[in-house]
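Structure first, commentary second.
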Amino acid sequence: MLACTIAVASDFEVPRTSWGVPDVQGMWDYSSRTSMERSPVFEGALVISPERMAELVPSFEQWAEALEATGAEAPGPDNVGAYNSFWIDIRDGLGSVDGELRTSFVIYPEDGRIPWREDGRDNRNAQRARMSYDHIEKNAGPEGFPLSERCLISFSSVIPFTPSLYNNNMQIVQSPTHVVIMAEMVNDARIVAIDAEFSENMIPKWHGNSVGYYEGDELVVVTKGFHPLQVARGGGYTSENATITERFRISRENVLNYKFTIEDPDLYREAWTGELEMKQSEGIYEYACHEGNYAMPGILAGARLEEAAQAQSSN
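The opening residue of the sequence shown carries number 2 in our numbering; numbering runs sequentially from there.
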């Protein structure tokens, strides 16, 4: 663990592509234990020491030992093949930026808290109710299932990039006219047109519509026009009127600085900003979500059989 701020070498040069723009290409890992908002346990501090982190943030091993000491046992039947800790990829400590351990991704407002409007959560819930398919019974068809269960979008791939249980990796590929940003989770890819304007008739998409440009040593990506169902079921921090600005910058060798600002007057009193670092990743895996997945057809087929049995018994 780094105990002090990292000084970027004075001779470090931001890499450039053959056509002269900042080269942010690569596969990047953004896993950490840092949360979006700052917990009160950190007493308002954005940066803490490794010693303080050891006091306040238990490692996985410490957590497991504490759980075992209580004699607690998981409820229900034996595990028949669900996830265990092997698959969890959120690291053992807080994430850092320039060697400083961060207690939250939110850096503005300075208290590390999301600046909700007084009616912001009510507005979000109203939009979700209006846009969702909640009127469809879950077993009536695939539309009644969660987006992740339908392999459309899922956690750790939505904008902004923040870590979740696993698949905390993404890849950036650049060309002179476009940038592709692909998340490992569900292999969702955003195609970003460089130096382009938003269409007046843009179609709402999963992860929104994105355009980009270069500013100094940064790739800047602006996104809006999110799919209504993403807002309703997986939007997290956005409404249908949100604009998210992301900034990607190589801060030192094998490290990508990622900063995002969310503007959403429906939900927030003011724009708010988060920041984290991504490390060069060894690679990403194909997210084969539906291959060999018989759960949804089985559930729907079972529901149809149940309906048929009920109809027969009522005759």
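We treat Cβ as the ideally placed atom computed from N, Cα and C, and that holds for glycine.
Suppose the cutoff is 7 Å on Cβ atoms and the five residues either side in sequence are ignored; what does the same chain contact list for residue i look like?
i	result
Y286	E185
R151	P143
D196	Y214
P76	With a pLDDT of 49 at P76, under the threshold of 50, the predicted position of this residue should be treated as unreliable, and no value is reported.
H293	Just to set this straight, residue 293 is Gly in the shown sequence, not His. Cβ within range, chain order: n/a, list empty.
A46	T104
V42	L57
C290	C152, V187
S60	D93
I'd like the list of long-range same chain contacts for residue i, defined as Cβ closer than 8 Å, with 5 residues on each side in sequence excluded.
i	result
V256	E278, M279, K280, Q281
V58	R34, G94, L95
V98	N258, E276, L277, E278
From this set, the options, which residue's C-alpha is nearest residue i's C-alpha?
i	options	result
S149	M297, A310, E307, A304	M297
N126	T239, G145, V159, P16	T239
T224	E216, D218, L230, S200	S200
D320	T246, G21, R92	Since the first and last residues shown for the chain are 2 and 316, residue 320 lies out of range.
S33	K139, T163, C290, E308	T163
H208	G217, R191, E219, V221	R191
F13	D218, E247, E307	D218
T18	A70, S158, L220	L220
D189	E198, S157, W117	S157
E283	P177, I204, A309, N168	N168
E44	H228, I204, N258, G113	G113
V212	I245, V187, P229	I245
L166	V98, D90, S155	D90
G121	A304, Q311, C290, A243	A243
I160	G303, Q313, K139, K260	K260
T262	S97, P229, V222	V222
E308	A289, N140, Q63, E198	N140
Sorted by chain position, which residues of the same chain lie with C-beta nearer than 6 Å to residue i's C-beta, five sequence neighbours on each side aside?
i	result
L1	Since the first residue of the chain shown is 2 and the last is 316, residue 1 is not available in this structure.
I173	V25, Q26, I182
A4	Interpretation of A4 is limited by its pLDDT of 44, a score under 50 that renders its predicted location unreliable; the figure taken from the coordinates is listed afterwards. Correct list, in chain order: P51.
H228	P205, K206, W207
N210	M203, G226
Consider the Cβ of residue i: report whether some Cβ of chain C lies at a distance smaller than 8 Å.
i	result
I173	The chain labelled as chain C is not found in the depicted structure, where only one protein chain is given.
Could you tell me the alpha carbon to alpha carbon distance between residue i and residue j, rounded to whole angstroms?
i	j	result
R253	D24	12 Å
R250	N202	31 Å
H179	V193	5 Å
L153	D265	24 Å
I115	Y269	8 Å
K206	E241	11 Å
D267	A130	15 Å
L301	S315	21 Å
S176	E247	18 Å
V187	V22	29 Å
V15	N258	12 Å
S311	A304	Residue identity differs from the one stated: residue 311 is Gln in this sequence, not Ser. Going by the C-alpha atoms only, they are around 11 Å apart.
N170	A70	34 Å
M28	Y288	15 Å
L230	I204	13 Å
E198	R118	30 Å
G299	E216	51 Å
Y295	S155	19 Å
E138	G145	6 Å
W20	G226	30 Å
D123	E66	40 Å
E62	Q313	55 Å
Q. Do the stretch 97-114 and the stretch 23-40 touch if we need at least three Cβ pairs shorter than 8 Å?
A. yes
Q. Using 8 Å as the Cβ pair cut-off and three pairs as the minimum, do the stretch 107-124 and the stretch 261-280 touch?
A. yes
Q: Mind listing, in chain order, the continuous alpha helix (DSSP H) runs of no fewer than 4 residues lying wholly within the stretch 115-161?
A: 121-132
Q: Please go through the stretch 192-254 and give each complete beta strand (DSSP E) segment of 3 or more residues, from N-terminal end onward.
A: 210-216, 219-225, 244-253
Q: At 3 residues or longer, and completely inside the stretch 247-291: list those beta strand (DSSP E) runs for me, N to C.
A: 256-264, 273-281
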